[in-house]
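Notes follow the structure.
Chains as they are written, first to last, in this note's numbering: chain A, 247 to 627; chain B, 247 to 627.
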């Protein structure tokens, strides 16, 4: 097991009717900005619950943080925060609204352009406190320091580390109106978050292995109900809990991580606009094919414990395990080949070029460079 | 799934050589008391590492917090804290030293007798900040609010809620010198902590079920090595991580808990002095026998997933699962029957009397009263 430091101070408030407790969590007398996405919270009743909970409090609203939140939008929110003297932020929506809000929280006190902070997290100084009402299970942004921010101008998308929410309120009932595609992409996102922390070096921590497999097994078990029974409280509650625990540090203690599937997926979104979780469902089976030998021990363990694949040579079992993984994503209704989503060789070569230009290499072996990224994408053309 | 609130702010610093980082975690200029047990840390090098890390800092030492920490001892530490103006505490040792230190932290600013706080946690006001160097994996006190405090005078032992450590340093190398009996009792303690959060109502959270089973499976897998390879770093690291995660709230999200095995076990320790983890290894199989029908669905799931028991009638599978559980504790070298540890009918009747006198009943069904406690103990005479 590797040495590690774990700390996650977020207060997670989970369950039916919990939005009503919002005001208890936000200090009295603060100057609050509430951030939103495109308006779906006005249709599903979340906006009404939030405004009822904040009755009598001093706050302004900022609308329009889009999926894959754009620096161009967030700069406007930063300006408004400064103008109004905002000292606390509340994100209401999905992972994109919260990710964008994290960037705002870091940028308000920064004397420069907010994009600097995305490219160099070390420039982050004072961060405004923030909490959230999370309505879309996927990113686990509600219980981690991460944000992923995009630029329209440069067609780039990068992950960054900001800070943990002070509190996160998750009422599974707020997810009842989510479109099926978002449920599918969210489950794929959670599945791959787990894989980025699990599908690396075998034998580092039997407990972390069991916990990662536990999330994967649960996702496989609940996926049909999450897709089909859109108002089933327990299915959506289980899905939300999987999403949060998939990337809040609980399964990362003492183990080596990968994250190359995300790095490649971010490029697909930045260039083509494809939904994040969907990019991962395409890239990951390709990564397993290309890095099969390097990850063989873990592929076999995963195949046995999650898919019940026990018989055959290691190569046969690995092939069946990779097929089972791709078939799972297809069972969610997601295409798993690049040609199915209109991505061709030109984008593959552009991603290779970007990786090479930046001189980066990802994965537990630090070997996923431009060439390997191209091979991974060509394996799922 | 039940509604829940999760928050655990402890910073966990885990791995080889981490005691050297101690001074970074304790604010400069504070007046520190370092608390210890009976002196084993002077033999295994931990004391030397701690004093080296605290070189140049202002601190006093308090020695002699015993297993099942006694209020009579802790009152002396509280007096010394007041006399020296102590404003930060550091516990160095096992769960008992840390539990005792939590009580000290709560009692220093309380204008009354410290035992009041044990009997009525609502009286706790200001709590001194504290951290720890944990050297005995078992209680998870390093990452929870719990303390269990005993009284010599009244032969009583009660659990209480105080606060989370600011930080906990766990270097698995510090456990290399632990006697085999303490390893065995610690593993039994961890096993039952998990069971108190798992062996209740079926179907509340498939994820929490998998994570609890993951700790149980890991303990079963590593137990032979933990007992026999006393200097094996990975075995002890895995054991430490199981102990911490067994009772830090990670497996309790949205599920119903029990805790009657602990309540009965505390009485056995209070009256007879038997080591805590050992009491649980005796009581728990008895509890499964007496409450078999109430817990049947969960017993069958546990038997199948942890012990691979698939065939037979539910009653047969339950019986084999309970036997497998008792045999696991015996494989650790622990006796599992009361007559083997010199506990007879008189103590059983005294426990029944105490439960009845206090008017208490425990367990997910609130039905483990004095009568049921007696039946549980009689099932493992």
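For every residue, glycine included, the Cβ atom is placed at its ideal position computed from N, Cα and C.
Item, Value
"Comparing the C-beta of residue 560/B with each C-beta of chain A, is any distance below 7 Å?", "no"
"Please state whether the Cβ-Cβ distance between residue 544/A and residue 625/A is less than 7 Å.", "no"
"Between residue 251/B and chain A, is the shortest Cβ-Cβ distance under 7 Å, so that the two count as touching?", "yes"
"One question on the structure: do residue 430/A and residue 537/A come within less than 7 Å of each other, judged by their Cβ atoms?", "no"
"Measuring alpha carbon to alpha carbon, tell me which residue in 524/B, 254/B, 599/B is nearest residue 386/B.", "254/B"
"Per DSSP, which one or two residues make a beta bridge with residue 339/B?", "380/B"
"If we count the other Cβ atoms within 10 Å of its Cβ and call it buried at 16 or more, is residue 407/A buried or exposed?", "exposed"
"Taking the straight line between their C-alpha atoms, what separation do you get for residue 610/A and residue 455/A?", "16 Å"
"Quick one: list the residues of chain A neighbouring residue 500/B, beta-carbon separation under 8 Å, in chain order.", "260, 261, 483, 487"
"Under 7 Å between beta-carbons, which chain B residues line up against residue 467/A? List them in chain order, please.", "452"
"Could you give the distance in angstroms between the alpha-carbon of residue 251/A and the alpha-carbon of residue 574/A?", "34 Å"
"To which residues does DSSP link residue 405/B through a beta bridge?", "394/B"
"Cα-Cα, which of 499/B, 453/B, 449/B, 389/B is closest to residue 256/B?", "389/B"
"Residue 416/A by DSSP, collapsed to three states: which one?", "strand"
"Evaluate the contact criterion for the region 560 to 567 of chain A versus the region 456 to 474 of chain A: three or more CB pairs, one atom per stretch, below 8 Å.", "no"
"Who are residue 334/B's beta bridge partners in DSSP?", "278/B"
"From residue 366/A to residue 404/A, what distance separates their C-alpha atoms?", "10 Å"
"Just mark residue 595/B as buried or exposed, buried being the case when its beta carbon has 16 or more other beta carbons within 10 Å.", "exposed"
"Restricting to Cα atoms, I'd like to know which of 420/A, 319/A, 531/A, 480/A is closest to residue 294/A.", "420/A"
"By how many angstroms is the C-alpha of residue 299/A removed from the C-alpha of residue 273/A?", "13 Å"
"Quick check on residue 496/A - is its C-beta less than 7 Å from some C-beta in chain B?", "yes"
"Work out the CA separation of residue 360/A and residue 349/A for me, nearest whole Å.", "8 Å"
"Residue 254/A lies in the beta strand (DSSP E); which residues open and close that run?", "250 to 260"
"Where does residue 574/A fall in DSSP's three states?", "helix"
"Nearest CA to the CA of residue 486/A: which residue from 453/A, 340/A, 444/A?", "340/A"
"Looking at C-alpha atoms only, which residue of 514/A, 280/A, 551/A is the closest neighbour of residue 402/A?", "514/A"
"Exposed or buried, residue 604/B, counting other C-beta atoms within 10 Å across all chains shown (16 or more means buried)?", "exposed"
"Could you round the C-beta distance between residue 378/A and residue 342/A to whole angstroms and report it? I think they count as a contact, below 8 Å.", "Between residue 342/A and residue 378/A the Cβ distance is about 12 Å, and since that is not below 8 Å, they are no contact."
"Under 9 Å between beta-carbons, which chain A residues line up against residue 461/B? List them in chain order, please.", "453, 456, 457"
"Whole-angstrom Cβ separation of residue 449/A and residue 248/A, contact assumed at under 8 Å?", "Incorrect: roughly 12 Å between the Cβ atoms, too far for contact."
"Using a beta-carbon distance cut-off of less than 8 Å, what residues from the region 422 to 442 of chain B approach chain A?", "none"
"What is the DSSP secondary structure of residue 308/A, reduced to helix, strand or coil?", "strand"
"Could you tell me which residues DSSP puts in a beta bridge with residue 316/A?", "396/A"
"Check whether chain A comes within 7 Å of residue 709/B, counting only Cβ atoms and requiring the distance to be less than that.", "What the structure shows of chain B is the stretch from 247 to 627, and residue 709/B is not part of that stretch, so it cannot be assessed."
"Hey, residue 491/A and residue 453/B are a contact pair by Cβ (cut 8 Å); roughly how many whole angstroms apart?", "7 Å"
"Can you list, in chain order, the residues of its chain with a C-beta nearer than 7 Å to that of residue 516/B? Leave out the 5 residues immediately preceding and following it.", "396, 401, 402, 403"
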